[in-house]
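Heads up: the structure comes next, in structure tokens.
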Amino acid sequence: MVSHRDQIVLSADGVQLVLDLSSGAPVVRHWGSPLGDVEGHALRRMTTPPIPHSAVDVPQEPGVMRERGRAFHGRPALSGNRNRLDWAPLFQIVEHHASETETSIRLHDAEASLTIDLGYRIEPSGVVLVDLAATNDGSEPYRLEELTTWMPLPDRAAESLDFTGRWLKERQPQRRPIAVGSWVLESREGRTGHGASVVQCAMTSGAGFADGEVWALGLLWSGEHRHLIERGTDGRTAMGAGELLQSGEMVLEPGERYQAPTVAAAYSDEGLDGLSSRYHEWLRARPEHPTRVRPRPVTLNVWEAVYFDHDLERLSALVDVAAEVGVERFVLDDGWFGARRDDRAGLGDWVVSDEVWPQGLGPLIDRVTAAGMEFGLWFEGEMVNPDSDLYRAHPEWILHVPGRVPPTGRNQQVLDLTHDGAYEHVLGQVDALLSKHPISYIKWDHNRPLVDPAHHGRPAVNAQTLAIYRLFDELKSRHPGLEIESCASGGGRVDLGMAMHADRFWTSDSNDALERQEIQRYSMMAIPPEMLGTHIGPSTSHSSSRSHSLSFRAATALFGHAGIEWDITETTNAERSHLAEWAAYYKANRELLHSGRVVRVDHSDTAALVHGVVAHDRSAAIFCYAQVAAPGAVLPSPALIPGLDPDARYRVRRIEPAGRAPAMQHADPTWVDGVITTGAALATIGLRPPILHPEQAILIEIVLA
Ligand code: DGJ
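Using our numbering, the letters of the sequence shown correspond one by one to residues 82 to 786.
Right, dumping it as structure tokens:
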């Protein structure tokens, strides 16, 4: 940090943020690569704009609050009013503090009786965490409608990239030119949403995985939210992110403060992989990051194996095969509690069902632990079926607008966790089970969007979101070591906010390896692979009816927190030994898979996806070449393998932990049995793949020779 009286510079790992305080309002002069030794007044002179005709007579500098009173004509950072007054505040800096890595700035408008607290902290990874809060200093309530964190973009930011999707097809990329106007992504379903972007990116024209500059904002929030990129008619561009507040949701009483969700801002001059690397490094540096606690266990989830058909004998057989193939954690999914024999009843009654578990869960858990595995259990604590003891006793404990009952979704209503009774009920029942049994892991689902999310008629998504964070934190503090998986019909609650409270995301309900190749590729944009559940599903996918070889499914599931979700009691001996070999390979290599740099190749042929993980010291890598469609030419194009040390010599070979991928050729390319080559040759010439059948993949192992 360099702090002259009026300039603050935060730098880390090739990223620099320069804040200019000289005008009395904070202006971000620069967010990008380091500028060298430029003095504040020089930077000011270089960036202060000319004064155009038909404009106000001062240079127009919106500052981070983008107030109208500064003659800024775009979207302000704060919107709100106090009895129709104080809607156009103009903030002045009243104090600021700075250390090497962070700064806090307090702004005030005495007329509007509002205080803003701004914080910028640069992490060793170069990610800048931005905090923003508004306090009502007046004697009347202030009705806050929006408080968005904005960062300026240089004019060369020409394209946006964000992610949308649906159930079974999360995180689909969409790319478009940035033009005058606003490109707004909103999530209004009370949870993050399958179509939520996680991060929004702005890029230089043509930026790819390895090249170009990228700026991105990600919101640490699991409720309703908004991402925007705005370009004014003056050609200047900025990106913003914030919570989406419903009308009347945030009325600040005198003295009350609203803390906006933290925004994680990342810049890369090494394309999208460089961006992902920053986000991953930031998350991995947290002491509580799951891989800092212990390696990620091979997980078997029983959902696609048995669905609601819970039976001790059947599940015990699954336990035995799971142990045989090397599974380390066995997770009992939906169906173990209350009247939950299908998805029409039981949510809310977190008590083991006597009907299906007459001796309780003890015998199953004993069998799991005796086989050397951990036990995990499914909950969906924010939900209640109308057909449940809880709802019969407390129909008023659902989020609703008085006088009407929201339509059910998957036959369920949303429990109002902002209601003390409801919160204590869920906490108490879950806690009782975790106290009674050795349960080290819970999968926490959220299977419907919110309709009428109101508490006593008032909008309550903000409070409901904070309540689930509080509940997770409380469970973790009562049960040290507990891991939580965030699931919402697959990837409906994947976000950087939940990443602070949960340890794993269920990436998608699609276990179809073809879909997963794409879904995982983009889910890793900000979330590191070790936090993304990736399972080998059944031979024929339950969600698409596509059939895939075990080798394709296994190669795809290797790149994440790997597991199995398949009735493996029905597998052949050959499949079991492949599964065992795959699980052993994952265990031997998870350290690399979960700490290295994620590399996605801008491959020349859209019929294939190439991606991998490269160790930080570039001593090893594992890549996947996935033939997602039939190649157009006789010979598939070489897979370039970037990211290794150009001068180092590597031993390269195909590995087949789960069997050979079927191919249509007389002979394999000769490198598959092993070749010694350089990092430079791998990056520039690459490896000509075998002529695989479509929807097949090979794994390539690279180690220092
Ligand atoms: C949706 C989840 O995404 C599935 O994995 C499974 O847990 C079901 N819910 C259970 O109802």
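Each residue gets a CB set at the ideal place from its N, CA and C atoms; glycine is no exception.
Considering residue i, what are the terminal residues of the beta strand (DSSP E) in which it resides?
{"i": "R681", "result": "678–681"}
{"i": "Q97", "result": "96–101"}
{"i": "E227", "result": "223–228"}
{"i": "N492", "result": "Here N492 belongs to no beta strand (DSSP E), and DSSP marks it neither H nor E."}
{"i": "G614", "result": "613–617"}
{"i": "Y52", "result": "The first residue shown for the chain is 82 and the last is 786, placing residue 52 beyond what the model contains."}
{"i": "T372", "result": "Unbroken run through T372 is the alpha helix (DSSP H), 371–374; no beta strand (DSSP E)."}
{"i": "R585", "result": "585–587"}
{"i": "F411", "result": "410–413"}
{"i": "M284", "result": "280–285"}
{"i": "A705", "result": "Here residue 705 turns out to be Cys, not Ala, going by the sequence shown. Here the beta strand (DSSP E) through C705 covers 701–708."}
{"i": "F456", "result": "455–460"}
{"i": "Q141", "result": "No beta strand (DSSP E) holds Q141; DSSP gives it neither H nor E."}
{"i": "R307", "result": "306–312"}
Check residue i in the structure and name its three-state DSSP category.
{"i": "P258", "result": "strand"}
{"i": "E782", "result": "strand"}
{"i": "Q777", "result": "strand"}
{"i": "M745", "result": "coil"}
{"i": "R769", "result": "coil"}
{"i": "S84", "result": "Residue confidence is low: S84 scores 47 on pLDDT, short of 50, so the model does not pin down where it sits. Its coordinate-derived value is still stated next. Note: S84 maps to strand in three-state DSSP."}
{"i": "S718", "result": "coil"}
{"i": "R732", "result": "strand"}
{"i": "F51", "result": "Any property of residue 51 remains undetermined from this structure, which presents the chain solely from 82 to 786."}
{"i": "N217", "result": "strand"}
{"i": "Y360", "result": "helix"}
{"i": "Q327", "result": "coil"}
{"i": "M579", "result": "helix"}
{"i": "S241", "result": "strand"}
{"i": "G155", "result": "coil"}
{"i": "L515", "result": "helix"}
{"i": "L91", "result": "strand"}
{"i": "S185", "result": "strand"}
{"i": "P444", "result": "helix"}
{"i": "N543", "result": "helix"}
{"i": "T637", "result": "helix"}
{"i": "H178", "result": "strand"}
{"i": "L631", "result": "helix"}
Would you call the CB atoms of residue i and residue j closer than 8 Å?
{"i": "E148", "j": "F172", "result": "yes"}
{"i": "P378", "j": "D584", "result": "no"}
{"i": "I783", "j": "Y731", "result": "yes"}
{"i": "L428", "j": "N466", "result": "yes"}
{"i": "A291", "j": "P723", "result": "yes"}
{"i": "D392", "j": "V437", "result": "yes"}
{"i": "V295", "j": "S349", "result": "yes"}
{"i": "R202", "j": "L213", "result": "no"}
{"i": "T450", "j": "G644", "result": "no"}
{"i": "P775", "j": "A711", "result": "yes"}
{"i": "G538", "j": "P483", "result": "yes"}
{"i": "I479", "j": "W525", "result": "no"}
{"i": "S206", "j": "D94", "result": "yes"}
{"i": "L613", "j": "G641", "result": "yes"}
Please list the terminal residues of the continuous alpha helix (DSSP H) segment that includes residue i.
{"i": "M605", "result": "It is not in any alpha helix (DSSP H) - M605 carries neither H nor E in the DSSP assignment."}
{"i": "G121", "result": "121–128"}
{"i": "D198", "result": "Here D198 belongs to no alpha helix (DSSP H); instead the beta strand (DSSP E) covers 195–203."}
{"i": "W384", "result": "384–387"}
{"i": "L396", "result": "393–406"}
{"i": "R473", "result": "470–474"}
Exercise. Output the residues surrounding the ligand DGJ, defined as those with a CB atom closer than 6 Å to any ligand heavy atom, in chain order.
Key: Near the ligand DGJ, meaning a beta-carbon closer than 6 Å to one of its heavy atoms, we find W384, D414, D415, W459, D526, N528, C568, S570, G571, W587, D590.
Exercise. Mind the definition here: the stretch 600–618 touches the stretch 322–336 only if three or more C-beta pairs lie below 8 Å; say whether that holds.
Key: no
Practice problem: State whether the stretch 355–366 contacts the stretch 237–246, with contact taken as three or more CB pairs (one from each stretch) at a distance under 8 Å. | Solution: no
Quiz item: Hey, is the stretch 738–752 in contact with the stretch 631–649, meaning 3+ C-beta pairs nearer than 8 Å?
Solution: yes
Quiz item: So, do the stretch 163–178 and the stretch 99–108 have three or more beta carbon pairs nearer to each other than 8 Å?
Solution: yes
Quiz item: Is there contact between the stretch 259–278 and the stretch 687–704, where contact requires at least three CB pairs shorter than 8 Å?
Solution: Contact fails: fewer than three Cβ-Cβ distances are below 8 Å.
Quiz item: If we count Cβ pairs, one from each stretch, closer than 8 Å, do we get three or more for the stretch 527–539 versus the stretch 221–241?
Solution: no
Self-check item: Contact the stretch 306–314 vs the stretch 360–370: 3+ CB pairs below 8 Å
Solution: no
Self-check item: the stretch 650–669 / the stretch 684–695 touching (three or more Cβ pairs under 8 Å)
Solution: The stretch 650–669 makes no contact with the stretch 684–695: fewer than 3 CB pairs, one atom from each, lie closer than 8 Å.
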